[in-house]
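Peer 1:
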Amino acid sequence: MKDISEDSTYRRRKRREVLRRARRIRVLAFLLTLGLAIFLGVMLILRLSSPDSSGPLSEENSETATSEPEASFSQESEEPEEEHDSASTAQSDGPDISLTPGQQYLRGYSLFSVGQLERAAHYFQQSAEGDHPLKDYAQFYLARTYFGAQKYQEALSAFQALAKNYPDSYWYPDAQLGIADSYLELGDLAKAEE
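Position one of the sequence shown corresponds to residue 0 (numbering that gives the first Met the number 0), numbered consecutively onward.
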C-alpha cells in the first residue's frame with residue numbers, strides 16, 4: 000500500500016513540474032511574440048517616417064538625395080539642433096496624404112501598438128475614409144484609439160459607424176461591446192444595457 004501512495008505522490012510532483020515548465024514556456028513565448036510585435040511596429044514606423052526610405056513614396060526624396068547630397072548635409076550641419084528637431088516632428092505630426100489607405104492603416108496600427116494614440120487616430124481616420132478591403136478594421140481601431148484616449152463620445156460614434164456600415168464585419172460583435180462600454184463610461188447605464 001505504501002508503494003502505491005509513494006508512486007502517486009511522485010506522479011503528482013512530476014505532473015506539477017511539467018505543468019510549471021509548460022506555463023513558463025507559454026509565458027516566455029508570449030513575451031517573445033509581444034516583443035517582436037513591438038519591435039516590428041517601431042521598425043515600420045521608422046521606415047515609413049524616414050525621408051530616405053526606398054519605395055514608391057520616396058521618389059521626390061530619392062531625386063533630392065542623389066542630386067544634392069553634399070548640399071543637404073551642409074544645410075543640416077549649419078541648422079541649430081532645436082530647429083531641426085521641431086521641423087522633423089512637425090513634418091510627422093499629421094497624416095501623410097501620399098500614403099494609400101492601406102498604408103495609412105498600417106501606420107496607424109503601428110502607432111496604436113506603441114501607444115501613440117493621437118497620431119494613430121489621424122491615420123485610422125484617413126484609412127477609414129479610403130477605398131480598400133480593411134476599412135472596417137480601420138474603423139474599429141479608430142474607435143479603439145478614441146476609447147483608449149478616453150474620448151468616449153468619439154469612440155461611441157466610431158463604434159456605431161462600424162456597427163451600422165459593416166454588419167458582416169469580423170469586428171461587429173466587438174463594436175457592439177464597444178458601444179456598451181462607451182455608454183458605460185459616459186454614465187448612461189440604460190443605453191449600455193440595450
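Don't be surprised by glycine CBs; every beta carbon is placed ideally from N, CA and C.
Indicate whether the contact test is met: 3 or more Cβ pairs, each with one atom in the region 96 to 114 and one in the region 24 to 34, closer than 8 Å.
Peer 2: Because the criterion of three Cβ pairs below 8 Å is not met, the region 96 to 114 and the region 24 to 34 do not touch.
Peer 1: What are the boundary residues of the alpha helix (DSSP H) that includes D135?
Peer 2: For the purposes of this step, residue 135 is taken as the residue at position 136 of the sequence shown. K134 to G147 is the span of the alpha helix (DSSP H), which, as asked, contains D135.
Peer 1: Would you kindly report the start and end of the unbroken alpha helix (DSSP H) that includes K190?
Peer 2: Translated into positions along the sequence shown, residue 190 becomes position 191. Unbroken alpha helix (DSSP H) run through K190: L188 to E192.
Peer 1: Among S181, G114 and Y165, which has the Cα closest to the Cα of E127?
Peer 2: The residue you call residue 127 lines up with position 128 of the sequence shown. One point to set straight first is that residue 127 is Ala, not Glu, in the sequence displayed. Among S181, G114 and Y165, the Cα nearest to that of A127 is on Y165.
Peer 1: I need the straight-line Cα distance from K163 to L176, nearest angstrom please.
Peer 2: Working through the sequence shown from its first residue, we reach residue 163 at position 164. Working through the sequence shown from its first residue, we reach residue 176 at position 177. Straight-line Cα distance between these residues: approximately 14 Å.
Peer 1: Apart from the five residues on each side of it in sequence, which residues of its chain come closer than 7 Å, Cβ to Cβ, to K134?
Peer 2: Taking the sequence shown and counting its residues from 1, one reaches residue 134 at position 135. Excluding sequence neighbours, K134 sits near A127.
Peer 1: Flag this pair as yes or no: are the beta carbons of A189 and S112 separated by less than 8 Å?
Peer 2: Indexing the sequence shown from 1 puts residue 189 at position 190. Indexing the sequence shown from 1 puts residue 112 at position 113. In this structure, S112 does not lie closer than 8 Å to A189 by Cβ.
Peer 1: Are there 16 or more other CB atoms within 10 angstroms of the CB of S97, so buried, or fewer, so exposed?
Peer 2: Counting from one through the sequence shown, the residue named residue 97 turns up at place 98. With fewer than 16 Cβ atoms within 10 Å of its Cβ, S97 is classed as exposed.
Peer 1: If you count every other CB in all the chains shown that lies within 10 Å of the CB of Q102, and 16 or more means buried, which is it?
Peer 2: Taking the sequence shown and counting its residues from 1, one reaches residue 102 at position 103. Result: buried.
Peer 1: What do you reckon, are the CB atoms on Y171 and Y136 nearer than 8 Å?
Peer 2: Position 172 of the sequence shown, counted from the first residue, corresponds to residue 171. Position 137 of the sequence shown, counted from the first residue, corresponds to residue 136. No, they are not a contact pair.
Peer 1: Please list the terminal residues of the continuous alpha helix (DSSP H) segment that includes D180.
Peer 2: For the purposes of this step, residue 180 is identified with residue 181 of the sequence shown, where counting begins at 1. Where D180 is concerned, the enclosing alpha helix (DSSP H) stretches over Y171 to L185.
Peer 1: To the nearest angstrom, how far is the alpha carbon of D187 from that of R10?
Peer 2: Position 188 of the sequence shown holds residue 187. Position 11 of the sequence shown holds residue 10. Cα to Cα, the separation comes out at about 54 Å.
Peer 1: H121 and P100 - do their beta-carbons sit closer together than 8 Å?
Peer 2: Position 101 of the sequence shown holds residue 100. Position 122 of the sequence shown holds residue 121. Going by C-beta atoms, P100 is not nearer than 8 Å to H121.
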